[in-house]
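Asker: Structure provided below as structure tokens; questions to follow.
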Amino acid sequence: MDHPRATVLRRFLEGTTSKQENRNVVRHLLRRCGECSRTLQEGDGASVLLAYEEVFRSLLGKALKQAAPA
369 MDHPRATVLR RFLEGTTSKQ ENRNVVRHLL RRCGECSRTL QEGDGASVLL
419 AYEEVFRSLL GKALKQAAPA
């Protein structure tokens, strides 16, 4: 499994990653990577929740657009 670089995980916690980097980190975490999850838990867990929320809202918005009648 390819892990995000430590610098990306640090910036993820700081909230300074791009939207694409956020998606990549969240996608990686959703694959249940224990190593990266522990690394992030040692930092600020609230930042992780905010990033998940942002990705979820983005995916929900796309799904609603696709489901809307034309």
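According to the working numbering, the stretch in the sequence shown is residues 369 to 438, in order. Each residue gets a CB set at the ideal place from its N, CA and C atoms; glycine is no exception.
1) Exposed or buried, Thr375, counting other C-beta atoms within 10 Å across all chains shown (16 or more means buried)?
2) Can you confirm whether Leu397, when its beta carbon is compared against all beta carbons of chain D, has any partner nearer than 8 Å?
3) Would DSSP call Thr375 helix, strand or coil?
4) Output the distance between the C-alpha atoms of Leu432 and Phe424, rounded to the nearest integer angstrom.
5) Starting from the C-beta of Arg378, find all residues in its chain whose C-beta is less than 8 Å away, skip the five residues before and the five after it, and write them out in chain order.
Answerer: Once the coordinates are examined:
1) exposed
2) Given the protein chain composition of this structure (a single chain), no chain D is represented.
3) Helix.
4) 12 Å
5) Gly411
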